[in-house]
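Chemist:
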Ligand SMILES: [Zn+2]
C-alpha cells in the first residue's frame, strides 16, 4: 500500500478530460478510435497525478496533502474518468489496448473504493503506517546541493503531514473505522524510536553523515546545520505528536472488535477487498472452502515428509521439535545473512535454466532496518526504482533468530529475491514498451501468486534437498492456504485473535513470533492475504493447461517469459495471455507439418 503524495490542479484537468471526451461533438467522439480514447485517458490520469504532486511542492507540501477535501477531489476525478472508460466495449479492442483498459480500471476502482468505504481514514497497519513509510527517505542516497535542499524541505514538512494523518484517524475513530487495540500491543515501537534526544542519531539525519563529492565545504556545513535543525524541530516534533495522539486518543478509544464486518457496511467492504486482491469475482465463502481443501491436501504431504525424516511422532510433535531444536536456528545476524545470501546466489545460478529473459537491475541481501525490525515480518523484498542508485533489497529480519528458522530460508529467499519478487518487479520496470503506470504497477494476486509459485519452482531448481527444508517449503505453502481460511473467518465469521493464532500455529512450523505478527497483519489488512494462494493456484493451473496442450513442445523458459511479459496483470488477463500463446504455438506447429 502507499500513502504517497498526490494533489491539486483539478479544475484544469477535469476541463481537459471533458473537452477531450465529452464536449467534443458526438460524431467527433465516435470517430475517436477506442485506442485513442484509452491512451488519452491514461495520459489524462498521469497528468492529473503529476499536477497534484506539483501543486503540493509549490505549496511546500512535498509529502503530499492528505486533507479530507483532497481525497474528495481525487475521488471525483477518478470516478468521472472511470465512467468514461465504462463506455468502451472491450470486444472492439486489440489485446494490448484491452490490457491497458482493464488495468486502468483496476487502479481507478481501487481509488474509488478507498474513498467510498472511507479506508483512507485508517492509514495504518499492524506493523507500519503513514509515519513509518516516510522514515525510508533517510535511506535515500543524495549527491547534489539541490537534492539536499529538497530533502530539508521534506523534513520540515513532517509535522503538517503528521497532523493531517492524525486528523484522518480522528475521523476514522469517530466512525468506527480503525485498527483493533488487541493487535497494537507493540505498536509504540513504530514511532517511539524516532523520538531521539540527539538528532544525529535519527535515521532521518543519515544523508548528512557522509559528505558527497562536489559539494563545497561551506555549503556542506550550512546544510548539515539546517538538516540537524529540521530533524530536531520538525521530524522529532512530528513523531512526538504521533505518540501523544496514540497515548491519549487512539488507544483508549479504538475498537475492541477484530473483523472488518464491524465497520459500517463491513461485509460489502470485505467482498470488495476479496475482488480487489484476487482480481476475480469469487465469493468469500468459496475462498473459505478452497482454503479448507488446500489445508487438508498439504497436511497429507507434510505427513509424508515426516515419514521421510524418520521422525517418530505426530505432526504436532514434529512442529514442536522444529521450533525448539537449536540446530535449526542461526546464532548471529551475520550467519543468518550469509545463509540467505548463499541460497540467493545458488538461485541466481539456476535462473538461465528457467528463464529466457532476465532483468539487468541487481539485488542485494540486507538486514531489515533496526527501526522496523521488532514488529516486522521475517523477510521482505524492498525494491528500487529502475534509475535508483541502490539495488533491490532482499531484507532478512535479524532482530530475532528464533523468528527465522533456517529450514524456511530457502522458500523465503526464492520468494523475496529471485526468481520471486526481485526478478518479476525489476523485469516489469524494464518493459519499456508498456505505459509507465504499468511498469510501476503491482497487482497482489499476480505478484504474490508469482512469489509463491517461485517457492514451488525451487523443487525444480535443485532446492529442498533434505526433509527439513522440504517441510519448510510445505510450511510456507500451508501458511498461505491457512490464510484463505483465516482471512475469511476473521473478517466474516467472528473468529477471535486467539482462535486464529491457535489455527495457524497448529498447522504450520512458523515460529510463534511469526504466527502472532501474521495474525495481526490479516486483521489489519483485510483481503490482502488471499492474493498469494489464489494467484499461485491460477499460475499452476495455467502451466498445467499449457503442458497438456503443447505436450513435448512445452518449453518452461518460454512459459515463464510469457507469464512475465506484460508486467503485473489481473488473473483474467493472464488466462487470456496463456490461451492466446497456446493457440499461436499450435498454429505454428500445424503450419510446419
Ligand atoms: Zn511476497
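In my numbering, the protein residues as written are 1195 to 1787. Built from N, CA and C at the ideal position, the CB exists for glycine as well.
#1: Rounded to whole angstroms, what's the CA-CA distance from residue 1423 to residue 1393? Just pull it up for me.
#2: Under a criterion of Cβ closer than 6 angstroms to any non-hydrogen atom of ligand 1, which residues qualify, in chain order?
#3: By DSSP's criteria, residue 1753 is part of a beta bridge. Which residues make up the other side?
#4: Is residue 1507 close to chain D, meaning its C-beta is less than 7 angstroms from at least one C-beta of that chain?
#5: Closest by CA to residue 1339, which one among 1666, 1242, 1402, 1660?
#6: Give the secondary structure of residue 1266 by DSSP, where H, G and I count as helix, E and B as strand, and everything else as coil.
#7: Tell me whether residue 1366 sits in a helix, a strand or coil according to DSSP, three-state version.
#8: List the residues that DSSP assigns as beta-bridge partners of residue 1560.
#9: Helix, strand or coil for residue 1409? Go by DSSP, reduced to three states.
#10: Per DSSP, what kind of secondary structure is residue 1323 in: helix, strand or coil?
#11: What is the DSSP secondary structure of residue 1400, counted as helix, strand or coil?
#12: If I'm right that residue 1458 touches residue 1573 with Cβ under 8 angstroms, what's the distance once you round it to whole angstroms?
#13: Hey, quick one: how far does the alpha helix (DSSP H) through residue 1575 stretch, first residue to last?
#14: Please determine if the segment 1482 to 1491 and the segment 1661 to 1680 are in contact, where contact requires at least 3 C-beta pairs separated by less than 8 angstroms.
#15: How would you label residue 1548, buried or exposed, when you count the other beta carbons within 10 angstroms and need 16 or more for buried?
#16: Is the beta carbon of residue 1640 closer than 7 angstroms to that of residue 1729?
#17: Cβ atoms of residue 1575 and residue 1616: under 7 angstroms apart, would you say?
#18: What residue does the alpha helix (DSSP H) around residue 1334 start on, and which one ends it?
#19: Going by beta carbon distance, what residues of the same chain come within less than 6 angstroms of residue 1775, once the five residues before and after it are set aside?
#20: Taking 6 angstroms as the cut-off, is the beta-carbon of residue 1396 closer than that to any non-hydrogen atom of ligand 2?
#21: Am I right that residue 1635 and residue 1762 are in contact with their C-beta atoms under 8 angstroms? What's the rounded C-beta distance?
#22: What separation, rounded to the nearest whole angstrom, lies between the Cα atoms of residue 1668 and residue 1646?
#23: Enumerate in chain order the residues of its own chain whose CB-to-CB distance from residue 1779 is below 7 angstroms, with the five nearest sequence positions on each side excluded.
#24: In whole angstroms, what is the alpha-carbon distance linking residue 1267 and residue 1545?
#25: So is residue 1688 buried or exposed if we call it buried at 16+ other beta carbons inside 10 Å?
#26: Near residue 1288, which residues of its chain fall below 8 angstroms by C-beta distance, leaving aside the five closest residues on each side in sequence?
#27: Buried or exposed, going by whether 16 or more other CB atoms sit within 10 Å of the CB of residue 1523?
#28: In the DSSP assignment, what are the bridge partners of residue 1318?
#29: Compare the Cα-Cα distances from residue 1233 to each of 1291, 1342, 1599, 1534 and report the closest residue.
#30: Below 7 angstroms CB to CB, which residues in the same chain sit around residue 1705 once its five sequence neighbours on both sides are set aside?
#31: Decide yes or no for the touch test of the segment 1758 to 1773 against the segment 1606 to 1625: beta carbon pairs closer than 8 angstroms, at least 3 of them.
#32: Return the CA-CA distance between residue 1436 and residue 1691, expressed in angstroms with no decimal places.
#33: Does DSSP put residue 1781 in a helix, a strand or coil?
#34: Alpha carbon to alpha carbon, how far is residue 1579 from residue 1643? Give it in angstroms, no decimals.
#35: Please go through the same chain and pick out, in chain order, the residues whose beta-carbon is closer than 8 angstroms to the beta-carbon of residue 1679, but skip the five residues on each side of it.
#36: Taking residue 1271 as the reference, which of 1297, 1542, 1628, 1238 has the closest Cα?
Modeler: For this structure:
#1: Roughly 8 angstroms separates the two Cα atoms.
#2: Qualifying residues come out as 1609, 1615, 1642, 1645.
#3: As computed with DSSP, residue 1753 is found in no beta bridge at all.
#4: This model lacks chain D altogether, as it is built from one protein chain only.
#5: Closest in alpha carbon position to residue 1339, among 1666, 1242, 1402, 1660, is 1402.
#6: Helix.
#7: DSSP places residue 1366 in helix when its eight states are reduced to three.
#8: Looking at the DSSP assignment, residue 1560 forms a beta bridge with 1589.
#9: In this structure, residue 1409 counts as coil in the three-state DSSP scheme.
#10: In the three-state reduction of the DSSP assignment, residue 1323 falls in the strand class, which pools E and B.
#11: Helix, per DSSP.
#12: Between residue 1573 and residue 1458 the Cβ distance is about 36 angstroms, and since that is not below 8 angstroms, they are no contact.
#13: Counting along the chain, residue 1575 falls outside any alpha helix (DSSP H), though it belongs to the beta strand (DSSP E) covering 1573 to 1576.
#14: The answer is yes - the segment 1661 to 1680 touches the segment 1482 to 1491, with three or more Cβ pairs under 8 angstroms.
#15: Looking at its Cβ environment, which holds 16 or more other Cβ atoms inside 10 Å, residue 1548 is buried.
#16: Closer than 7 angstroms, so yes.
#17: It is a contact, given that the beta carbons lie within the stated cut-off.
#18: No alpha helix (DSSP H) contains residue 1334, which DSSP labels as neither H nor E.
#19: For residue 1775, where only same-chain residues beyond five positions count, the Cβ hits under 6 angstroms are 1756.
#20: No copy of ligand 2 occurs in the structure displayed; its ligands are ligand 1 alone.
#21: Correct: roughly 5 angstroms between the Cβ atoms.
#22: Those two C-alpha atoms are separated by around 11 angstroms.
#23: The beta carbon of residue 1779 is closer than 7 angstroms to those of 1744, 1747 in its chain, skipping five residues each way along the sequence.
#24: If I take the Cα positions, the gap works out to 46 angstroms.
#25: That one is exposed.
#26: Excluding the 5 residues flanking it on each side, residue 1288 has same chain C-beta neighbours closer than 8 angstroms at 1229, in chain order.
#27: Under this definition residue 1523 is a buried residue.
#28: Beta-bridge pairing links residue 1318 to 1323.
#29: Ranking the options by Cα distance to residue 1233, first place goes to 1291.
#30: Closer than 7 angstroms at Cβ, skipping near neighbours: 1517, 1596, 1597, 1599.
#31: The answer is yes - the segment 1606 to 1625 touches the segment 1758 to 1773, with three or more Cβ pairs under 8 angstroms.
#32: The C-alpha of residue 1436 lies about 26 angstroms from the C-alpha of residue 1691.
#33: In this structure, residue 1781 counts as helix in the three-state DSSP scheme.
#34: Distance from the CA of residue 1643 to the CA of residue 1579, rounded to the nearest whole angstrom, comes to 22 angstroms.
#35: Correct list, in chain order: 1482, 1485, 1486, 1489, 1697.
#36: Looking at the Cα atoms, 1238 is the closest of the given residues.
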